[in-house]
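Novice: Residue numbers for the sequence shown follow this note's numbering, beginning at 1006 and rising by one.
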Amino acid sequence: MGIGILTGSMEDTAPINATPAPSMEKPSIVSLYSDLSKLRLSMLVVVTTGAGFILASPLGIDWLVFLWTIIGTFCCASAAATLNQVFEKRRDTLMPRTKNRPIPAGHISAVHGFVFGMLLAYIGVAILSFGATIMAAGIALLTIFIYVLVYTPLKPITSFNTLVGAIVGGLPPLIGAVAASGTIGPGDWILAGILFIWQIPHFLALAWMYKDDYALGGFVMLPSVDESGELTARVSVMTSMCLIPLALMMTIVDATGLLFAIIGAILGVYMTMKSITFWRTRNRNTARSLFFASIIYLPLLLAIMLLDRQTIHWIEIGLDHAGR
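1. Could you check if SER1233 is buried or exposed, using at least 16 other CB atoms within 10 Å of its CB as the buried criterion?
2. For a test of the three-state rule: what should DSSP assign to ARG1314, helix, strand or coil?
3. For the alpha helix (DSSP H) containing VAL1120, name the first residue and the last one.
4. Cα separation between ASP1259 and ALA1210?
5. Tell me the DSSP secondary structure of THR1188 in three-state form.
6. Counting Cβ pairs closer than 8 Å, one from the region 1136-1146 and one from the region 1097-1113, do we hit at least three?
7. For PHE1165 and ASN1089, what's the separation of their Cα atoms in angstroms?
8. How do the region 1152-1169 and the region 1035-1049 stand: do at least 3 beta-carbon pairs fall below 8 Å, yes or no?
9. Could you tell me whether the region 1154-1163 touches the region 1082-1098, where touching means 3 or more Cβ pairs closer than 8 Å?
10. Would you kindly work out how many angstroms separate the C-alpha atoms of ILE1199 and PRO1250, rounded to a whole number?
11. To the nearest angstrom, report how far apart MET1214 and GLY1269 are at their CA atoms.
12. How close, in whole Å, do the beta carbons of GLY1273 and SER1245 come, if the pair is a contact with beta carbons under 8 Å?
13. Assign THR1188 to buried or exposed, taking buried as 16 or more other Cβ atoms, counted over all protein chains shown, within 10 Å of its Cβ.
14. Mapping the DSSP letters down to three states, classify ASN1288 as helix, strand or coil.
15. Applying the criterion that 16 or more other CB atoms from any shown protein chain within 10 Å of the CB defines a buried residue, is ARG1314 buried or exposed?
16. Short of 7 Å in beta carbon distance, which residues of its chain neighbour THR1087, apart from the five on each side in sequence? Order them along the chain.
17. Thinking C-alpha only, which one of ASP1067, THR1078, TYR1275 and PHE1058 is nearest MET1048?
18. What whole-angstrom Cβ distance do SER1241 and SER1294 have, given they're in contact under 8 Å?
19. Note down the Cα distance separating LEU1069 from MET1243, rounded to an integer number of angstroms.
20. Mapping the DSSP letters down to three states, classify TYR1215 as helix, strand or coil.
21. Just how far apart, CA to CA, sit GLY1055 and ILE1075?
22. Does the Cβ of VAL1050 have 16 or more other Cβ atoms within 10 Å, making it buried, or fewer, making it exposed?
23. Less than 7 Å between C-beta atoms, sequence neighbours within five positions excluded: which residues of the same chain meet that for SER1083?
24. Is LYS1104 helix, strand or coil when you go by DSSP?
25. Kindly give me the distance between the Cβ atoms of GLY1190 and ALA1182, rounded to whole angstroms, as I take these residues to be in contact under 8 Å.
26. Name the two residues that bound the continuous alpha helix (DSSP H) containing ASP1040.
27. Give the C-beta separation of ALA1212 and LEU1227 to the nearest angstrom, bearing in mind that I take them to be a contact with Cβ-Cβ under 8 Å.
28. Cβ atoms of LEU1133 and ALA1184: under 9 Å apart, would you say?
29. Nearest to ARG1287 by alpha carbon, out of TYR1275, LEU1303, LEU1312 and GLU1235?
30. Taking the alpha-carbon positions, what's the ASP1193 to SER1062 distance?
31. Determine the DSSP secondary structure at ASP1097, reduced to helix, strand or coil.
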């Protein structure tokens, strides 16, 4: 989850005989734990959680609760990423893209990773329970459960695992929303929907670029079983197109203003055009272009959403003072 996205199980029965790949030089402790917790992915989860928190705080932000929410969410995201690697260790060893991760490379044992991941999960859920709300902690725990115990075992079985992974990526804004207000509003649901939809072309483009890697690891991804790439590209186009009306819906429900509707729609068109290019010419270059377009799309969309939301807040304050 992608938010990006998103592993086998410890009891995986696939006929894989692999030993940890030796590494010439052991990385630093900071580097090892950064890779183990998938720092960049975990930070993306934190950003989308923060966006959900701010969106659900029209009367102002409780910065202490915001801080606890960010810390707790980061711990939970890191826990899920760590446990994911524990359960995928044998398959990761077979893939050039992942064989140098801490566990398959032999720098950290699977038992160590499991204990570390469980400890992070406990700390994260506890922080959200006491520093934010029980509901926020519950959604975070559900996210870990789906990512590790549902998405991960499905990955070697069915290409529909991508949809399950996308659900996980759509949940962080809801964590932020319930931490801020205790409820989930229409705008929060739409933002979660945008993240869910966005992950599909984002991950399909990535899976297309590394389809040989995924095949070596025994993972069933749509590009791995869709030899022509026709279905992969069509799904990318259809889901990218859905981003356009979803951006407009944010404004319709008064979660954002006109600025977000306009720029959000433009960004959706941009994603759609890149998907169409991938559909017309299915190769690594067009898949990479779509992948990077998706990376550009999300931070810009979130930045515009927060800017637009804050502008609306300032206008509301001004009107309130003028009315007095």
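Idealized CB from N, CA, C, for every residue including glycine.
Specialist: In short, the structure shows the following:
1. As a first step, residue 1233 must be located in the sequence shown, where it is residue number 228. Counting Cβ neighbours within 10 Å, SER1233 comes out exposed, since fewer than 16 surround it.
2. Position 309 of the sequence shown, counting from 1, holds the residue named residue 1314. ARG1314: helix per DSSP, three-state reduction.
3. To locate residue 1120, count along the sequence shown from 1; it is residue 115. Where VAL1120 is concerned, the enclosing alpha helix (DSSP H) stretches over 1115-1136.
4. Your numbering for residue 1259 matches position 254 in the sequence shown. Your numbering for residue 1210 matches position 205 in the sequence shown. Looking at the two C-alpha atoms, the distance is approximately 33 Å.
5. The residue you call residue 1188 lines up with position 183 of the sequence shown. THR1188: coil per DSSP, three-state reduction.
6. no
7. By one-based count along the sequence shown, residue 1165 stands at place 160. By one-based count along the sequence shown, residue 1089 stands at place 84. Straight-line Cα distance between these residues: approximately 18 Å.
8. In the pairwise beta carbon analysis, the region 1152-1169 is classified as not touching the region 1035-1049: fewer than three pairs are separated by under 8 Å.
9. yes
10. Counting from one through the sequence shown, the residue named residue 1199 turns up at place 194. Counting from one through the sequence shown, the residue named residue 1250 turns up at place 245. Their Cα atoms are separated by approximately 10 Å.
11. Counting from 1 along the sequence shown, the entry for residue 1214 is found at position 209. Counting from 1 along the sequence shown, the entry for residue 1269 is found at position 264. Distance between the alpha carbons of MET1214 and GLY1269: 27 Å.
12. As a position in the sequence shown, residue 1273 is number 268, starting the count at 1. As a position in the sequence shown, residue 1245 is number 240, starting the count at 1. Confirmed, Cβ separation roughly 7 Å.
13. Position 183 of the sequence shown, counting from 1, holds the residue named residue 1188. Under the 10 Å beta carbon count, THR1188 is surrounded by fewer than 16 other beta carbons and is classified as exposed.
14. If you number the sequence shown from 1, residue 1288 lands on position 283. Coil at ASN1288, not helix or strand.
15. Indexing the sequence shown from 1 puts residue 1314 at position 309. ARG1314 comes out buried.
16. The residue given as residue 1087 occupies position 82 in the sequence shown. Cβ neighbours of THR1087 beyond the five flanking positions: LEU1041, SER1042, GLY1118, PHE1121, GLY1122 and LEU1125.
17. Reading the sequence shown from its first residue, position 43 is the one you call residue 1048. Answer by Cα proximity: THR1078.
18. Taking the first residue of the sequence shown as 1, we reach residue 1241 at position 236. Taking the first residue of the sequence shown as 1, we reach residue 1294 at position 289. The C-beta distance from SER1241 to SER1294 rounds to 12 Å, too long to fall under 8 Å, and the pair is not in contact.
19. Translated into positions along the sequence shown, residue 1069 becomes position 64. Translated into positions along the sequence shown, residue 1243 becomes position 238. Their Cα atoms are separated by approximately 41 Å.
20. Here residue 1215 refers to the residue found at position 210 of the sequence shown. Secondary structure at TYR1215: coil, using DSSP grouped into helix, strand and coil.
21. Start at 1 with the first residue of the sequence shown, and residue 1055 comes out as number 50. Start at 1 with the first residue of the sequence shown, and residue 1075 comes out as number 70. So the two alpha carbons sit approximately 7 Å from each other.
22. One-based indexing of the sequence shown puts residue 1050 at position 45. Buried, because 16 or more other Cβ atoms sit within 10 Å of the Cβ of VAL1050.
23. For the purposes of this step, residue 1083 is identified with residue 78 of the sequence shown, where counting begins at 1. Same-chain partners within the cutoff: SER1042, SER1047 and LEU1125.
24. Taking the first residue of the sequence shown as 1, we reach residue 1104 at position 99. Note: LYS1104 maps to coil in three-state DSSP.
25. Position 185 of the sequence shown, counted from the start, is the residue given in the question as residue 1190. Position 177 of the sequence shown, counted from the start, is the residue given in the question as residue 1182. Between ALA1182 and GLY1190 the Cβ distance is about 7 Å, and since that is below 8 Å, they are a contact.
26. Reading the sequence shown from its first residue, position 35 is the one you call residue 1040. Looking at the DSSP string, the run of the alpha helix (DSSP H) that includes ASP1040 is 1034-1041.
27. Numbered from 1 along the sequence shown, position 207 holds the residue referred to as residue 1212. Numbered from 1 along the sequence shown, position 222 holds the residue referred to as residue 1227. Correct: roughly 7 Å between the Cβ atoms.
28. As a working note, residue 1184 is residue 179 in the sequence shown. As a working note, residue 1133 is residue 128 in the sequence shown. Yes, these two residues count as a Cβ contact at 9 Å.
29. In the sequence shown, residue 1287 corresponds to position 282, counting from 1. With distances taken between Cα atoms, ARG1287 lies closest to GLU1235.
30. Stepping through the sequence shown from its first residue, residue 1193 is reached at position 188. Stepping through the sequence shown from its first residue, residue 1062 is reached at position 57. Rounded to whole angstroms, ASP1193 to SER1062 spans 11 Å at the Cα level.
31. Within the sequence shown, numbered from 1, the residue matching residue 1097 stands at position 92. In the structure shown, ASP1097 sits in a helix (DSSP, three-state: H, G or I).
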